[in-house]
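In our numbering, the protein residues as written are 40 to 443.
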């Protein structure tokens, strides 16, 4: 009969420290491989780096706490191998994150070959079961510690980032963007005359911030998501049919907050935000500038193709315009307007270096209906459509903890 293989407890992390004595390296490897089927074993290099940062000695139990706190370790394993052949004594010690010894045990006999490996695994399994029992239920005849009530530290909630699982997300990504965009607008007058404004692609610079402050937890709060973006184009000129030039500039700004539900590597959710979208052009005979302020409700989705390294995103939203700007004063008494947007992105990161990148496409459109008579009756408008395509290359930096 086949026996069920133990599953790895995703909420347990441990470290197997360097062993002492003859055959220490091979015995340590047997212990680490056996435990790695049951818990997440943190690489010894990460443990040593953490100890160096905190200035503690891993050979001393009182130096283990800061390392355990930073790397979220439930326990450590120490070991020693003394003697040779059948006179070999192998001792293992399980120590909790506070440096307190949980259990100890030893075996006599050779640790070489298949029989020796099985001997070490039996000892490891016995001590591991006892250690977990103590960690979860307390020592015999010892009352359980009361759960801490109140806010946890920032690192306790979001993690330090020194050791990451595939599903972990950076808490903040800051992007600088270089892109290009266009603009196409058509205004219909009550007389039936159409005024068309078309601007070809011109450069745009942007800054973008994405935050998942609890992206390294498994709690429901993990889904919180925030976005901020600001972009501008300056020094741009427009020309009319008579080759007359007009100074032109754009500015857009938005802040969004939302919640994303995680389904394995897929995130699905919604967001709400506010924004300001401006297209300014000097006085001309075709179309005046627009200033859209809006409330946005949108849908967001993301798929981690290669967790931490490559992802694809898509989104879409409805914009309730709160204002349109000067175009209303020129062509009507009042107006109602709404907008919409949709976009896609392909991005990723060199996670160990902190460098992030993305290529984004977005289309933004607005529909405005005019009401009332314009100051100049002949300029009275009926409606206007306005749209822009935006393509951006982002390069930035991501961090895994607000406390570095």
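Using N, Cα and C, we set each Cβ at its ideal position, and we do this for glycine too.
Under the criterion of beta carbons closer than 8 angstroms, residue 81 and residue 63 do not qualify as touching, at roughly 19 angstroms. Bridge partners of residue 162 according to DSSP: none are assigned. Residue 361 is a Cβ neighbour of residue 332, given a cutoff of 8 angstroms.
Residue 295: member of the beta strand (DSSP E) spanning 284–302, first to last residue. Taking the C-beta atoms as reference points, residue 245 is found nearer than 8 angstroms to residue 216. The alpha-carbon separation between residue 406 and residue 291 amounts to approximately 18 angstroms. Note on residue 171: 16 or more other CB atoms within 10 angstroms of its CB, so buried under the neighbour-count rule. Non-local C-beta neighbours of residue 399 in its own chain, meaning closer than 6 angstroms and more than five positions away in sequence, comprise 384, 431, ordered along the chain. As for any beta strand (DSSP E) of minimum length 3 sitting wholly inside the region 79–141, the runs are 114–121, 128–135, ordered along the chain.
For residue 229, the secondary structure class from DSSP, reduced to helix, strand or coil, is coil. Per the DSSP secondary-structure output, residue 63 pairs with nothing in a beta bridge. When only Cα atoms are considered, residue 108 and residue 136 end up about 7 angstroms apart.
Looking at 301, 349, 77, the one whose alpha-carbon comes closest to that of residue 160 is 77. Between residue 401 and residue 368, the C-beta spacing is not below 8 angstroms. With a minimum length of 3 residues, the unbroken runs of beta strand (DSSP E) contained wholly in the region 372–428 fall at 373–389, 394–410. Just measuring C-alpha positions, the residue of 100, 124, 126, 104 sitting nearest residue 117 is 100.
In the pairwise beta carbon analysis, the region 82–98 is classified as not touching the region 140–149: fewer than three pairs are separated by under 8 angstroms. Residue pairing from DSSP places residue 354 in a beta bridge opposite 339, 382. Between residue 138 and residue 93, the C-beta spacing is not below 8 angstroms. Beta-bridge partners assigned by DSSP to residue 344: none are found. DSSP lists 216, 397 as the bridge partner or partners of residue 433. Collapsing the DSSP output to three states places residue 318 in a strand.
Nearest in C-alpha terms to residue 390, of all of 95, 150, 212, 164, is 212. If you draw a straight line from the Cα of residue 60 to the Cα of residue 388, it is about 42 angstroms long.
Separation of residue 262 and residue 158 (C-alpha to C-alpha, rounded to the nearest whole angstrom) is 45 angstroms. Judged by their CB atoms, residue 300 and residue 308 are nearer to each other than the 8 angstroms cut-off.
The Cβ atoms of residue 317 and residue 254 lie no closer than 8 angstroms to each other. Minimum Cα-Cα distance from residue 234 among the listed residues 366, 56, 374, 264 corresponds to 366. By the beta-carbon neighbour count (other beta carbons within 10 angstroms, threshold 16), residue 310 is buried.
Cβ-Cβ separation between residue 424 and residue 225: approximately 5 angstroms, consistent with a contact (criterion under 8 angstroms). Restricting attention to 178, 276, 397, 110, the CA atom closest to the CA of residue 322 is found in 276. Residue range 365–370 is occupied by the alpha helix (DSSP H) that includes residue 369. By the C-beta density criterion, residue 258 is exposed, having fewer than 16 other C-beta atoms within 10 angstroms.
Secondary structure note for residue 210: it is in no beta strand (DSSP E), with a DSSP letter that is neither H nor E.
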